[in-house]
Amino acid sequence: RQLCFAWGPAEVLVCETLFGRKGGFPSRDEGGPGRALLPGTLTGCVAGTEDGRPSSSRLFVVRKDQDIYIQTLRKLFNESHGIFIGLQRSEEELVEKSRKAHLVQVSKNYRSVIRACMEDMHQAAMAARDPALQSQYSTQVSILSAMELIWNLCEILFVEAAAAGPLLLRLLDWVRLHICDVDNMVREVLSSENPSKHELFWNVVDVFVLQGRMDEARHLLSKEASANPTSVNMYKILDELMKKMPVPSLSNTQTLTEMELKWQHWHEECQRYLQDGTFASNSHMESICKILLGDEDAILEKKELMTTWYHFLVTRLLYSHPTVKPMELRFYAQACMDLFLGGESSPESLDTILMAAFEFEMHQVIKECSIALSNWWFVAHLTDLLDHCKLLQSHNLYFGSNMREFLLLEYASGLFSHHSLWQLGVDYFDHCPEYGRVYLELHIERIPLNTEQKALKVLRICEQRQMHEQVRSICKIMAMKALRNNRLGSALSWSIRAKDAAFATLISDRFLKDYCERGCFSDLDLIDNLGPSMLLSDRLTFLGKYREFHRLYGEKRFSEAAKLLLMLMTAHIAPCSFWMTLLTDALPLLEQKEVIFSAEQTYELMRCLEDLTAGKTDKQKFQDDDDETMKVEMLRLALARNLARVIVKEGTLEGS
1388 RQLCFAWGPA EVLVCETLFG RKGGFPSRDE GGPGRALLPG TLTGCVAGTE DGRPSSSRLF
1448 VVRKDQDIYI QTLRKLFNES HGIFIGLQRS EEELVEKSRK AHLVQVSKNY RSVIRACMED
1508 MHQAAMAARD PALQSQYSTQ VSILSAMELI WNLCEILFVE AAAAGPLLLR LLDWVRLHIC
1568 DVDNMVREVL SSENPSKHEL FWNVVDVFVL QGRMDEARHL LSKEASANPT SVNMYKILDE
1628 LMKKMPVPSL SNTQTLTEME LKWQHWHEEC QRYLQDGTFA SNSHMESICK ILLGDEDAIL
1688 EKKELMTTWY HFLVTRLLYS HPTVKPMELR FYAQACMDLF LGGESSPESL DTILMAAFEF
1748 EMHQVIKECS IALSNWWFVA HLTDLLDHCK LLQSHNLYFG SNMREFLLLE YASGLFSHHS
1808 LWQLGVDYFD HCPEYGRVYL ELHIERIPLN TEQKALKVLR ICEQRQMHEQ VRSICKIMAM
1868 KALRNNRLGS ALSWSIRAKD AAFATLISDR FLKDYCERGC FSDLDLIDNL GPSMLLSDRL
1928 TFLGKYREFH RLYGEKRFSE AAKLLLMLMT AHIAPCSFWM TLLTDALPLL EQKEVIFSAE
1988 QTYELMRCLE DLTAGKTDKQ KFQDDDDETM KVEMLRLALA RNLARVIVKE GTLEGS
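Using this note's numbering, the first residue of the sequence shown is number 1388, and each one after it goes up by one.
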């Protein structure tokens, strides 16, 4: 069993097959699929067994970035591109004071794009009728949800770098935003006729307490007190404890020491009520009081309501270590994950990534995300943001480029395999100072130029960046395509733009050939406005001047036309095959009533005619048709008559 593969610009074709003595692929010498294949080539594979019968073979197309072909992810790529470019341009304008706030806002903008894309994907999943498509959309929703979860945590820990106190508030917001299963339970309980009697009532209260949503928990407990008068006293005490619970402040109105002292007094008060058996007659309220005290076992009893170890972590910090410092998170996170999983299951990729974030291992976060996620979008944009936060400055890769540039190059390379998203990739390459230019040059040459509009777009990008070699290559390709389709005007325009003298000469010859066959020029506007471009090649110059001769003749400016015609012949820029046409064009001028050519000019025309006929062998003369022979005789007669008229005219002028 062997593998045969062929590389393409953004994908690889893989064939798995069995080989036998009488079958299989031809060898390299036979020119079979074993040879190096051009990008994008699709080669048929035939395999055989030992007795010569063909065996089964399978073909696989492995794409580099499958996600860029998902229509509903287009919003993610397009809108994040604008945020990325805005961040690069604003870098120089930011002062140190406003820098942090600006970077946090940029991070939130990225998250809002992920969230919007996730909601669109969810709507698409709901509307899909095909089970396979619905499953695909649901998978993408899960991936986007995990991406937002990770990004939000990185924003709190790395970008905002929240200090002790505000850190806990940010983590609470993080849990509330991303663990929202409780919302459906709340709606179900509150919509019932008697909420306090609903089977999920205490589950909802517990979740509110676990997430630190005290006002909402107190509101629900008030319904229990109204429905059950015997529990009013217990409710009032618990309500007062929840109301008095100290929480860190986002402002600088209190120090950490003050916060710890308040929390310690409150904690002692909760402990006193629990020990006095105040809530002994109501197991639900007693359980809530234990949670307020940070009782590990009581919190773990609500494991099913928290659903994740990081929810357990934040709840435990809230009720046990509210002033936790950022660098202490790693110890609590590891302990909470071990307790929550309890050896029943091993950590998944998401758990590993979040743990690396809590341990402030940014490079490990990026590495694990690169492995786990299905595209480079996430790691490229997150790394760029962290680089702007000056958190990755010391980490360079062994081959020269830093991590930010490496990931941006990978992401942009994937964009270039898409028929329209490649335009976004250009800007990402522009902001990779070390290798971006080289990557752009290599990728832009692979863009299929299906239409002139697309070619002009690619050309404009190359011209703006002074990519002269790519400009010439694109122009030559388009000129050749136009020539194959017999669009001579477009072909000439592209060849002039490419400054390709040889190709311009070839197309000029085609114009002259068409003129000889049809008796008129096509694309007159282009030829009339060649300007200095006609100097690109002698043949192009001749084409432009010959068209000018026709224009002068049409305007009855015969003397100027005659001088130009004679110049075209004597300057030897006209192809020899076209001399007879030029001499034939002189016939109407020779037959004018007014003498146009002087004696000297007439002699020059005679010499040209004789040079033309003298260069032919007897065999060639014999093969010439009667029309050609008649033209020569008519020209000789016209030239002789014109010479006679000129001599008479010039002699008369001398005599007078």
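Every residue, glycine too, gets a C-beta built ideally from N, C-alpha and C.
Residue(s) in a DSSP beta bridge with residue i
i, result
"residue 1391", "1402"
"residue 1791", "The partner list for residue 1791 (beta bridge, DSSP) is empty, contrary to what the question assumes."
"residue 1448", "1400"
Spatial neighbours of residue i in its chain, beta-carbon cut-off 7 angstroms, leaving aside the 5 residues before and after
i, result
"residue 1978", "2025"
"residue 1961", "1929, 1955, 1969"
"residue 1692", "1590, 1593, 1594, 1597"
"residue 1966", "1956, 1995, 1999"
"residue 1881", "1862, 1865, 1866, 1869"
"residue 1888", "1923, 1924"
"residue 1454", "1460, 1761, 1762"
"residue 1768", "1467, 1471, 1497"
"residue 1810", "none"
"residue 2009", "Per-residue confidence for residue 2009 stands at a pLDDT of 44, beneath the threshold of 50, marking its modelled position as unreliable; the derived number appears in the next sentence. Here the set comprises nothing."
"residue 1729", "none"
"residue 1546", "1490, 1491, 1494, 1772, 1776"
"residue 1447", "1401"
Beta-carbon proximity list for residue i, same chain, < 6 angstroms, skipping 5 on both sides
i, result
"residue 1416", "Confidence in residue 1416 is poor, its pLDDT being 38 and thus under 50, which makes the residue's placement unreliable; the coordinate value appears in the next sentence. There are no such residues."
"residue 2044", "No answer is possible for residue 2044: the residues shown for the chain start at 1388 and end at 2043."
"residue 2031", "none"
"residue 1799", "1812, 1815, 1816"
"residue 1474", "1493"
"residue 1717", "1745, 1746"
"residue 1958", "none"
Sequence-distant residues of its chain with Cβ nearer than 8 angstroms to residue i (five each side left out)
i, result
"residue 1875", "1869, 1894, 1897, 1898, 1901, 1909, 1910"
"residue 1513", "none"
"residue 1856", "1828"
"residue 1694", "1566, 1568"
"residue 1952", "1936, 1969, 1972, 1973, 1976"
"residue 1515", "1521, 1524"
"residue 1418", "With a pLDDT of only 38 at residue 1418, under the threshold of 50, the placement of this residue in the model should not be trusted; the figure read from the coordinates follows. Excluding sequence neighbours, residue 1418 sits near nothing in its chain."
Within 8 angstroms, strictly: CB atoms of residue i and residue j
i, j, result
"residue 1699", "residue 1727", "yes"
"residue 1720", "residue 1742", "yes"
"residue 1672", "residue 1621", "yes"
"residue 1685", "residue 1678", "yes"
"residue 1879", "residue 1861", "no"
"residue 1681", "residue 1659", "no"
"residue 1765", "residue 1534", "yes"
"residue 1892", "residue 1926", "yes"
"residue 1758", "residue 1770", "no"
"residue 1973", "residue 2034", "no"
"residue 1564", "residue 1701", "no"
"residue 1628", "residue 1656", "yes"
"residue 1650", "residue 1709", "yes"
"residue 1948", "residue 1976", "yes"
"residue 1573", "residue 1585", "no"
"residue 1819", "residue 1795", "yes"
"residue 1945", "residue 1883", "no"
Span of the alpha helix (DSSP H), counted from its first residue to its last, around residue i
i, result
"residue 1997", "1986–2001"
"residue 1653", "1643–1662"
"residue 1868", "1855–1871"
"residue 1690", "1690–1693"
"residue 1929", "1925–1941"
"residue 1666", "Premise fails: residue 1666 is in no alpha helix (DSSP H) and is neither H nor E."
"residue 1817", "1809–1817"
"residue 1966", "1966–1977"
"residue 1918", "Looking at the DSSP string, residue 1918 is not in any alpha helix (DSSP H), and its letter there is neither H nor E."
"residue 1758", "1749–1759"
"residue 1949", "1945–1957"
"residue 1634", "Unbroken run through residue 1634: none, as it is neither H nor E."
"residue 1530", "1518–1541"
"residue 1803", "First-last for residue 1803: undefined, no H or E at that position."
"residue 1702", "1696–1707"
Cβ of residue i within 8 angstroms of any chain C Cβ
i, result
"residue 1704", "As a matter of chain content, chain C is missing from the structure shown, which is built from one protein chain."
Using a Cβ distance threshold of 8 angstroms, determine whether the stretch 1814–1824 contacts the stretch 1839–1850, with at least three qualifying pairs required. no
If we count Cβ pairs, one from each stretch, closer than 8 angstroms, do we get three or more for the stretch 1482–1496 versus the stretch 1542–1549? yes
Count Cβ pairs between the stretch 1629–1637 and the stretch 1550–1557 that sit closer than 8 angstroms; are there 3 or more? yes
contact_flag[the stretch 1708–1719, the stretch 1730–1739] where n(CB pairs < 8 angstroms) is 3 or more: no
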